[in-house]
Amino acid sequence: DVKVTQSSRYLVKRTGEKVFLECVQDMDHENMFWYRQDPGLGLRLIYFSYDVKMKEKGDIPEGYSVSREKKERFSLILESASTNQTSMYLCASSSIFSNQPQHFGDGTRLSIL
Amino acid sequence: AQTVTQSQPEMSVQEAETVTLSCTYDTSESDYYLFWYKQPPSRQMILVIRQEAYKQQNATENRFSVNFQKAAKSFSLKISDSQLGDAAMYFCAYRSGGANSKLTFGKGITLSVRP
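As given, the protein sequences belong to chains P and F, one line each in that order.
Those letters in the first sequence? Residues 1 to 113, by the numbering used here.
Those letters in the second sequence? Residues 1001 to 1115, by the numbering used here.
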């Protein structure tokens, strides 16, 4: 089974802090994704990466950056956390083939105080 | 850009009954794939079923089946013999054909199952 592991289930940070969310997958997938999930808004794509050191902006990249130095690891960075970034963050990975599903981690519930 | 619409935010079904969750999408592409994902209260999103747009036959996975109407751009999920464990949020998603394509999700529907 594909395993996508997010480093924290719950995280509490303060406004202005730099926050790192880590995601690791064990299936040698080329593609990795970061989503934000808010009630009534569904999943919104923040950034995705289709190869090491490659990244593309999703629908809501403002206030976020990403890093992919190794194929199995994709990090989401909040450069200066703000209260409106309090949310559930989901990481996913997939192969390049469009008929294959994305596999998700358990999610990180991030609270910015 | 593709859009996915799930117009019903919540639905409820009696245990052992059948329920249908609606999803419509908008695209000008001919090559694409459709997915239904389930997110139980424990939060991990898992794949329920997928449908290839080029296939006329509706996909089926045990108690889960889809009604794929390509011309109408409709992709509904039918859950038969509903179980308490089916209670979850369900998301419909669209993925373009071709390598490295993204998923576009609907807003989701919360399904509750009454014992």
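For glycine and all other residues, C-beta sits at the position ideal for the given N, C-alpha and C.
Keep in mind the model is a prediction, meaning the values are calculated, not measured.
When only Cα atoms are considered, L110(P) and R1043(F) end up about 14 Å apart.
Taking C-beta atoms as the reference points, E1029(F) and G1097(F) count as a pair closer than 8 Å.
Note that the C-beta distance between V1113(F) and S1082(F) is below 8 Å. In terms of CA proximity to A1016(F), L1084(F) leads the group L1084(F), I1046(F) and F1091(F).
Proximity of the segment 86-95 of chain P to the segment 62-70 of chain P falls short of the contact definition, fewer than three beta-carbon pairs being nearer than 8 Å. Contact note: N99(P) reaches chain F through Y1033, R1050, E1052, R1095 and G1097, using a C-beta cutoff of 9 Å and chain order. The C-alpha of K70(P) is placed about 31 Å away from the C-alpha of L41(P). Non-local C-beta neighbours of A1072(F) in its own chain, meaning closer than 8 Å and more than five positions away in sequence, comprise T1024, ordered along the chain. The criterion of a C-beta distance shorter than 8 Å is satisfied by L1111(F) and V1013(F).
Taking 8 Å as the CB threshold, I60(P) stays off the interface with chain F. Between T1104(F) and R1095(F), the alpha-carbon positions lie close to 6 Å from each other. Residue pairing by DSSP places E1010(F) opposite T1110(F) in a beta bridge. The segment 96-106 of chain P makes contact with the segment 26-35 of chain P, as at least three CB pairs between them are under 8 Å. Flagged as an interface residue toward chain F: L45(P), by a C-beta distance shorter than 8 Å.
The beta-carbon of N31(P) is placed less than 8 Å from the nearest beta-carbon of chain F.
The beta carbon of Q1039(F) sits closer than 6 Å to the beta carbons of M1045, A1088 and M1089 from its chain, once the five residues preceding and following it are set aside; these are given in chain order. For L41(P), the secondary structure class from DSSP, reduced to helix, strand or coil, is coil.
Put simply, of S1074(F), K1078(F), Y1037(F) and A1053(F) the residue whose alpha carbon is nearest the alpha carbon of R1063(F) is K1078(F).
Among the CB atoms of chain P, none fall inside 8 Å of the CB of S1030(F). L1034(F) is the residue among E1061(F), Q1006(F), S1065(F) and L1034(F) whose C-alpha sits nearest the C-alpha of E1052(F).
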